[in-house]
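Written below as structure tokens is the structure these notes are about.
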Amino acid sequence: MAMSRVKWHVQAAVAAFQFLTRIPVPVEVPFERPVLTRSIAYFPLAGAAIGLCLAAASWALPYILPPWPSAIVLLAIWIGISGGLHLDGWMDTADGVLSHRSRERMLEIMKDSRVGAMGVIAAVLLLLLKASLIAWLLGADYSGHAAIPTILIVSAVWSRAWMGVAIAGWKPARPNEGIGRLFHGVRLSHALVSVALAFIISFISLIINGINLIEVFILATAAGVVTFITGGVLSVWLNRKLGGLTGDTYGAMNEAIELAMLAAVVIWAYY
Numbered sequence: 000m001a002m003s004r005v006k007w008h009v010q011a012a013v014a015a016f017q018f019l020t021r022i023p024v025p026v027e028v029p030f031e032r033p034v035l036t037r038s039i040a041y042f043p044l045a046g047a048a049i050g051l052c053l054a055a056a057s058w059a060l061p062y063i064l065p066p067w068p069s070a071i072v073l074l075a076i077w078i079g080i081s082g083g084l085h086l087d088g089w090m091d092t093a094d095g096v097l098s099h100r101s102r103e104r105m106l107e108i109m110k111d112s113r114v115g116a117m118g119v120i121a122a123v124l125l126l127l128l129k130a131s132l133i134a135w136l137l138g139a140d141y142s143g144h145a146a147i148p149t150i151l152i153v154s155a156v157w158s159r160a161w162m163g164v165a166i167a168g169w170k171p172a173r174p175n176e177g178i179g180r181l182f183h184g185v186r187l188s189h190a191l192v193s194v195a196l197a198f199i200i201s202f203i204s205l206i207i208n209g210i211n212l213i214e215v216f217i218l219a220t221a222a223g224v225v226t227f228i229t230g231g232v233l234s235v236w237l238n239r240k241l242g243g244l245t246g247d248t249y250g251a252m253n254e255a256i257e258l259a260m261l262a263a264v265v266i267w268a269y270y
């Protein structure tokens, strides 16, 4: 029995990595509902792996390139390591909800594999904002070069933790297809484990930088607050527009939370 439980958790962790990243994990797991619902708890681990790759790149790139080219290369790595999954969701969501059509028509537009004008515009604006914020951090006088690896890890971890909260907390717009079908039955306990894991990873990432415990607790909590405000507002709005959430909206919220986290750090440092 104990071995079976260990196997379930290993399969769930592997599924989280295979679902959310392009990091090669040479293990086959069944992409079935019981495994995927448990994988929610391990989403922050996949985010941490992405964040560590980005942290390494953000440390090395400024020794080779100026801030802006470094930011663009880093952003390309960011997109590549997640397979563009969340960016695709951002674009599809923009195409749908900004079309100002009926609920049914918006969902149809989001399912269409073709990208519309609003999706392209939204993607360009998102990437420009992300690149500019990263470039500012890389070139900041307050030693942003040293701080940005931690920022990237924390943002990648919390944005993926929120996906679990959104899946557990809001009904799917299309319960019998797509992500709604695969993740049907996710419990709130899975999402709570995901949030707790995000906080622990953030705490460890911050304390490694030599920050005192009180400041670490405040900063880790602040990251959670930014995540829940951004994700909560978007979830309520998208739920009203679409009658539920979809795989595309989860990806869109992931992108929005990463952007909000970068913006919050830049605003705090700037002022």
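Each residue of the sequence shown is one higher than the one before, counting from 0 in numbering that gives the first Met the number 0. Where is the CB? At the ideal position from N, CA and C, for every residue including glycine. In this text, all values refer to a predicted model and were calculated from it rather than measured experimentally.
Excluding the 5 residues preceding and the 5 following residue i in the sequence, name in chain order all residues of the same chain whose CB lies nearer than 7 angstroms to its CB.
i	result
V192	A40
W169	S234, N238, G243 and L244
I49	T20, I80, S81 and A155
V215	F202, L205 and I206
G250	L84, H85, D87, G88 and W89
Where do the N-terminal and C-terminal ends of the alpha helix (DSSP H) with residue i fall, by residue?
i	result
K240	L212 to L241
D247	G246 to Y269
E176	It is not in any alpha helix (DSSP H) - E176 carries neither H nor E in the DSSP assignment.
R32	R32 to S38
Quick one: what does DSSP say residue i is sitting in, helix, strand or coil?
i	result
L97	coil
W157	helix
P65	coil
E103	helix
G163	helix
P23	coil
W135	helix
V5	helix
G115	coil
P43	helix
W58	helix
H85	helix
H189	helix
G50	helix
Near residue i, which residues of its chain fall below 6 angstroms by C-beta distance, leaving aside the five closest residues on each side in sequence?
i	result
C52	I80
S158	N253, I256 and E257
Alpha carbon to alpha carbon, what distance is there between residue j and residue i?
i	j	result
A263	A134	15 angstroms
A122	V114	10 angstroms
P130	W77	The amino acid occupying residue 130 in the given sequence is Ala; Pro does not appear at that position. Those two C-alpha atoms are separated by around 11 angstroms.
V9	M117	40 angstroms
L132	P23	29 angstroms
I147	A219	15 angstroms
W58	R100	45 angstroms
A172	A93	16 angstroms
Tell me which same chain residues have a C-beta within less than 8 angstroms of the C-beta of residue i, skipping the five on either side of it?
i	result
V34	W7, Q10, A11, A14 and V28
Beta-carbon of residue i versus every beta-carbon of chain D: anything under 8 angstroms?
i	result
L60	Absent from the structure is chain D; it holds one protein chain and no more.
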